[in-house]
Amino acid sequence: MSARPNPLQGRPLWRTLALWMVPTLLFTMVMGLILSMQSLREVADSAYDRSLRGAIRAIDLRISTESGGLGVELPYPLFESFQATADGEILFRVSTDDGLVQIGDSLLPPPPPLTTGQVVFYDALYYDRPIRVAAYMRPLDPPLYGAEGQNLIIEIAETTESREAFLRTVITRTVLRDLAALASATLLLAVGVHAGLRPLRALRDRLDRRASDDLRQLDPSGLPREVQPLVQSVNRLVDRHRIQGEAQRRFIEDASHQLKTPLAVLRAQIDRGLQLQDPADLHAVLRAMREITDRSSRLTSQLLALALARNSALWSSAAAEPVDVATLLDGVVRLHLAEARKRRILLEVEADAHTGSLHTTEALLFEAVSNLLQNAITASPPGGTVTLTAARGVDDMAISIRDGGPGLSQDLLRRLGSGQRFNLSGNGVRNPSSTGLGLNIVQEIARALGGRLDLSNRPEGGLDAVLHLPAEPSGLKAA
Amino acid sequence: MIRITPRRAVALSAPLFLLTASLAHAAPERPECIAPAQPGGGFDITCKLAQAAFTEAGVLESPLRVSYMPGGIGAVAYSTIVSQRPGEPGTIVAFSAGSLLNLAQGKFGAHDEDDVRWVASVGADYGAVVVPADSEYDSLTAMMEAIKADPGSVILGAGGTIGSQDWMKAALTARAAGIDHKSMRFVAFEGGGDCATALQGGHVDACMNDVGDSQAAIDGGAPLKMLAVFSPERLPGKLADVPTATEQGYAIDWPIVRGFYVGPEVSDEDYQWWVQAFETAMQAPGYDALLQSRNLLPLPLTGEELDAFVTEAVANYRALAGEFQLVQQ
Chain S
1 MSARPNPLQG
11 RPLWRTLALW
21 MVPTLLFTMV
31 MGLILSMQSL
41 REVADSAYDR
51 SLRGAIRAID
61 LRISTESGGL
71 GVELPYPLFE
81 SFQATADGEI
91 LFRVSTDDGL
101 VQIGDSLLPP
111 PPPLTTGQVV
121 FYDALYYDRP
131 IRVAAYMRPL
141 DPPLYGAEGQ
151 NLIIEIAETT
161 ESREAFLRTV
171 ITRTVLRDLA
181 ALASATLLLA
191 VGVHAGLRPL
201 RALRDRLDRR
211 ASDDLRQLDP
221 SGLPREVQPL
231 VQSVNRLVDR
241 HRIQGEAQRR
251 FIEDASHQLK
261 TPLAVLRAQI
271 DRGLQLQDPA
281 DLHAVLRAMR
291 EITDRSSRLT
301 SQLLALALAR
311 NSALWSSAAA
321 EPVDVATLLD
331 GVVRLHLAEA
341 RKRRILLEVE
351 ADAHTGSLHT
361 TEALLFEAVS
371 NLLQNAITAS
381 PPGGTVTLTA
391 ARGVDDMAIS
401 IRDGGPGLSQ
411 DLLRRLGSGQ
421 RFNLSGNGVR
431 NPSSTGLGLN
441 IVQEIARALG
451 GRLDLSNRPE
461 GGLDAVLHLP
471 AEPSGLKAA
Chain Y
480 MIRITPRRAV
490 ALSAPLFLLT
500 ASLAHAAPER
510 PECIAPAQPG
520 GGFDITCKLA
530 QAAFTEAGVL
540 ESPLRVSYMP
550 GGIGAVAYST
560 IVSQRPGEPG
570 TIVAFSAGSL
580 LNLAQGKFGA
590 HDEDDVRWVA
600 SVGADYGAVV
610 VPADSEYDSL
620 TAMMEAIKAD
630 PGSVILGAGG
640 TIGSQDWMKA
650 ALTARAAGID
660 HKSMRFVAFE
670 GGGDCATALQ
680 GGHVDACMND
690 VGDSQAAIDG
700 GAPLKMLAVF
710 SPERLPGKLA
720 DVPTATEQGY
730 AIDWPIVRGF
740 YVGPEVSDED
750 YQWWVQAFET
760 AMQAPGYDAL
770 LQSRNLLPLP
780 LTGEELDAFV
790 TEAVANYRAL
800 AGEFQLVQQ
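Chains S and Y supply the protein sequences, listed in that same order. By the working numbering, the letter at position 112 of the first sequence is numbered 112, and the numbering carries on one by one without gaps. Start counting at 1 in the second sequence, then tack on 479, and there's your number in the working numbering.
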């Protein structure tokens with residue numbers, strides 16, 4: 001790793017996996033080892049015990065009571081053949097249970113309670129050395145010197161070095177085997193991760209080779225399933241950048257397009273003003289110029305609002321919060337009250353505290369409703385009425401603004417309904433204070449908030465603009 | 480400690496010379512000497528000595544039959560004689576100081592020294608420490624140092640188990656050397672003969688045997704050597720080269736009386752016949768040579784004298800066993 005020219009920060013994936021895997025495997029192996037040690041010990045014990053049992057039988061055959069005494073032919077030659085197969089030392093003791101006779105290694109620990117005819121095996125210590133003892137008791141028949149119920153006890157002990165060595169060998173082999181398995185598992189893991197990450201490296205290379213303005217989607221096919229959500233996330237990010245880029249381009253287009261005309265008109269006014277001598281005429285020209293400047297300024301702020309709406313749709317989903325619709329409508333109406341009063345237009349709000357709230361971005365919703373109300377006030381004849389209604393549906397909220405104006409032309413409604421961009425230049429400047437961008441902005445905002453804008457001419461005259469918004473926040477809708 | 484010097488033994492036996500009348504009573508039928516161990520040990524030597532002495536003195540017409548009844552260094556034979564064969568007039572059983580020691584510890588079962596009739600002692604032996612001729616130990620001191628360094632490394636063999644006279648010799652030596660006698664590694668055999676065999680096989684490192692059976696084995700060609708004898712002074716003859724334990728710094732004497740007893744219900748006539756038979760045999764001119772050839776010293780005690788000797792010896796041994804916490808309840 002250190003040989004790399006640019007060492008990367010962060011832990012390699014295979015090492016993370018190994019950190020999880022290796023301790024678990026080690027734990028499993030150690031547990032397995034402990035269990036197999038026990039069973040191995042039992043197997044070794046039963047094998048070695050069998051030869052001890054054989055030695056007991058052999059010694060038993062060498063005990064004679066024919067003379068009336070108790071004679072044991074020395075078992076050492078037997079032990080010699082016995083020790084040829086096992087390292088370590090053999091100890092023995094032949095005794096009567098009344099303690100009268102005791103032949104052999106006197107200091108062997110006393111045996112546990114014995115049952116006649118059964119060989120009992122147990123572990124003990126003899127001069128600090130672990131020994132395995134087999135003890136066997138049988139009745140002496142006939143008993144010595146006429147005693148009653150006399151038993152003969154034969155004990156054979158073996159130092160456990162050889163079986164310990166056997167166990168050590170087996171365990172060492174097992175441990176080595178397990179460690180080798182562990183090492184190869186880790187190696188395989190590293191290799192496997194390396195191989196598994198090859199599509200990712202290919203993806204990285206693909207991304208590295210991309211032109212900076214290439215915002216096409218990545219093809220997730222061929223990539224591991226676990227990585228596909230990541231690719232999809234990257235794709236969504238790329239998408240947002242693309243959409244944002246488009247929005248910015250559109251803003252620049254809109255702005256340049258919209259500002260071209262007022263700038264040209266201003267230029268003409270200035271040219272005209274320069275030729276005028278009469279201050280009164282010049283004043284009239286300047287007033288006209290001021291009006292154009294005002295309108296351009298409004299246009300600019302509305303273009304900014306439009307761009308804001310588009311961007312917000314992309315980036316500000318986190319800004320969503322519960323918004324009380326009645327309060328919001330109240331605020332919007334307050335903003336436009338002065339203008340409405342100037343034209344003696346009555347503003348009616350049909351919403352109360354029970355209307356409820358929406359989970360949405362308040363600033364955008366405010367901007368949309370404000371735009372619609374502005375349009376309605378502008379369109380209403382003096383002395384007319386503009387009605388704002390908020391109605392809660394099953395899973396959406398409908399905010400409608402009705403006016404008593406002339407409504408929109410069928411051509412315009414069709415173009416707006418088909419989602420076509422509001423052709424500003426073709427709209428004509430019917431109302432000098434309208435930028436012609438208002439409905440476009442509202443449409444944009446409605447889409448950004450996951451809803452839609454329905455426009456319809458009322459049979460009794462006037463326009464009914466209804467903003468349908470989902471009650472629950474939905475996924476972002478790219479413009 | 481019992482010290483039997485030849486001088487005292489002779490003094491004790493002197494009055495008996497007056498009683499050496501002719502053997503009025505007929506010899507018991509089927510005379511038999513039981514050596515209560517495996518062949519080759521001290522009991523065997525004792526019986527063989529009686530056999531030879533009786534033959535030489537002409538006391539018995541046919542040689543005394545020797546049989547073996549191993550088990551507990553005489554314990555089995557003692558119990559058998561007391562409870563099963565108490566009245567057999569022809570049966571004498573060999574005993575040694577080891578038998579008396581075991582009696583003192585209650586190791587002969589529920590019997591004491593008054594349960595048999597003590598006939599005669601025929602000689603005295605001494606304890607000896609025997610090792611293979613090629614042993615790494617050339618002195619008792621060297622061996623005790625090795626035990627001190629690692630008690631488990633030196634396997635001591637002996638006739639009889641913990642508490643036997645052979646063990647007692649080792650325990651006394653260990654105590655003199657400042658070693659815990661309980662830490663000694665001990666293998667018990669049925670008599671010194673088995674121990675000598677195991678010694679030659681390399682299964683034990685040293686035998687706490689007696690001079691008599693050890694020298695017999697050496698004379699028989701066994702590759703053994705004695706590191707020490709537990710006698711107050713060096714022994715005569717070919718044993719003069721063997722140092723005493725006292726010389727090597729362990730002031731221990733361990734004389735071993737060897738003799739015979741008969742069953743408790745043997746009649747006075749038969750008992751007296753055996754007493755007189757032994758007296759006759761021990762006065763025979765060739766007896767000293769017989770003793771010497773078996774590396775025994777004379778200790779001719781018979782009848783009541785032996786009774787008194789045994790009683791005193793058992794009392795002494797009982798005290799000694801108490802010191803080593805050996806007495807059985």
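C-beta atoms are modelled at their ideal positions from N, C-alpha and C, and glycine is treated no differently. Since this is a predicted model, take the numbers as computed values, not measurements.
Check	Outcome
Alpha-carbon to alpha-carbon, Leu-25 of chain S and Ile-154 of chain S	48 Å
Residue environment, Arg-564 of chain Y, which counts as buried when at least 16 other CB atoms sit within 10 Å	buried
Per-residue DSSP class, three states only, for Lys-586 of chain Y	coil
Supposed contact pair Thr-781 of chain Y and Glu-748 of chain Y - C-beta distance, whole angstroms, cut 8 Å	That belief does not hold up - the Cβ atoms of Glu-748 of chain Y and Thr-781 of chain Y are roughly 15 Å apart, past 8 Å.
Sequence-distant residues of its chain with Cβ nearer than 6 Å to Ala-756 of chain Y (five each side left out)	Val-538
When Y:Ala-763, Y:Ile-524, Y:Thr-640 and Y:Arg-654 are compared against Val-736 of chain Y, the one with the closest alpha-carbon	Y:Ile-524
Whole-angstrom distance between Asp-613 of chain Y and Ser-33 of chain S, CA atom to CA atom	Correcting the residue identity first, residue 33 of chain S is Leu in this sequence and not Ser. Taking the straight line from one Cα to the other gives about 48 Å.
Contact belief for Leu-91 of chain S with Ala-677 of chain Y at Cβ below 8 Å, rounded distance in angstroms	Incorrect: roughly 13 Å between the Cβ atoms, too far for contact.
DSSP three-state assignment for His-194 of chain S, whether helix, strand or coil	helix
Buried versus exposed, by CB contacts within 10 Å (16 or more), Gln-102 of chain S	buried
Span separating the alpha-carbon of Leu-263 of chain S from that of Leu-303 of chain S	16 Å
Extent of the continuous beta strand (DSSP E) run through Arg-713 of chain Y	It is not in any beta strand (DSSP E) - Arg-713 of chain Y carries neither H nor E in the DSSP assignment.
Segment limits, beta strand (DSSP E) that includes Gln-102 of chain S	102-105
One or two residues paired with Phe-757 of chain Y in a DSSP bridge	Per DSSP, none; premise fails for Phe-757 of chain Y.
Members of the region 100-127 of chain S near chain Y, C-beta cut-off 7 Å	Leu-100, Val-101, Gln-102, Ile-103, Gly-104, Asp-105, Ser-106, Leu-107 and Tyr-127
One or two residues paired with His-359 of chain S in a DSSP bridge	S:Pro-322
Cβ-heavy atom distance, Leu-714 of chain Y to the ligand FMN, below 7 Å	Absence of the ligand FMN is noted for the structure shown, with no ligands found whatsoever.
Nonlocal neighbours in the same chain, by C-beta distance under 6 Å from Cys-512 of chain Y, ignoring five residues either side	Cys-526, Ala-529, Leu-543, Val-545 and Ile-571
Under 7 Å from the C-beta of Arg-664 of chain Y: neighbouring residues of chain S	Leu-107 and Tyr-127
Boundaries of the alpha helix (DSSP H) in which Val-793 of chain Y is found, first to last residue	782-802
Nonlocal neighbours in the same chain, by C-beta distance under 6 Å from Phe-422 of chain S, ignoring five residues either side	Since pLDDT at Phe-422 of chain S reaches only 48, below the 50 mark, its modelled position is unreliable, and the value read off the structure follows with that caveat. If we look at Phe-422 of chain S and ignore the five residues flanking it on each side, its Cβ neighbours are Asn-440.
Residue-level contact to chain S via CB, Pro-515 of chain Y, 8 Å cutoff	yes
Residue closest to Val-633 of chain Y, alpha-carbon to alpha-carbon, out of Y:Gly-639, Y:Val-666, Y:Ala-656 and Y:Val-601	Y:Val-666
For Ile-731 of chain Y, three-class secondary structure by DSSP	coil
Neighbourhood of Val-323 of chain S by C-beta distance below 7 Å, restricted to the same chain and skipping five residues each side	Ser-357, Leu-358, Thr-360, Glu-362 and Leu-365
Residues within the region 682-711 of chain Y neighbouring chain S, beta-carbon criterion of under 9 Å	His-682
CA nearest to the CA of Arg-267 of chain S, picked from S:Gln-244, S:Thr-293 and S:Ala-255	S:Thr-293
Pro-568 of chain Y at chain S interface by Cβ criterion, 8 Å	no
Below-8 Å beta-carbon distance, Leu-144 of chain S vs any chain Y residue	yes
DSSP three-state assignment for Asp-698 of chain Y, whether helix, strand or coil	helix
His-682 of chain Y burial status per 10 Å Cβ neighbour count (16 or more: buried)	buried
Whole-angstrom C-beta distance between Pro-734 of chain Y and Ala-576 of chain Y, which should lie under 8 Å	7 Å
Proximal residues to Ile-63 of chain S (C-beta, below 6 Å), its chain only, five neighbours per side dropped	Val-72
Inter-residue CB distance, Ala-157 of chain S and Ile-131 of chain S (contact presumed, cutoff 8 Å)	4 Å
8 Å Cβ cut-off: residues of chain S touching Glu-748 of chain Y	None at all; the shortest Cβ gap to chain S is about 26 Å.
Pair within 8 Å by beta-carbon distance, Ala-368 of chain S and Asp-403 of chain S	no
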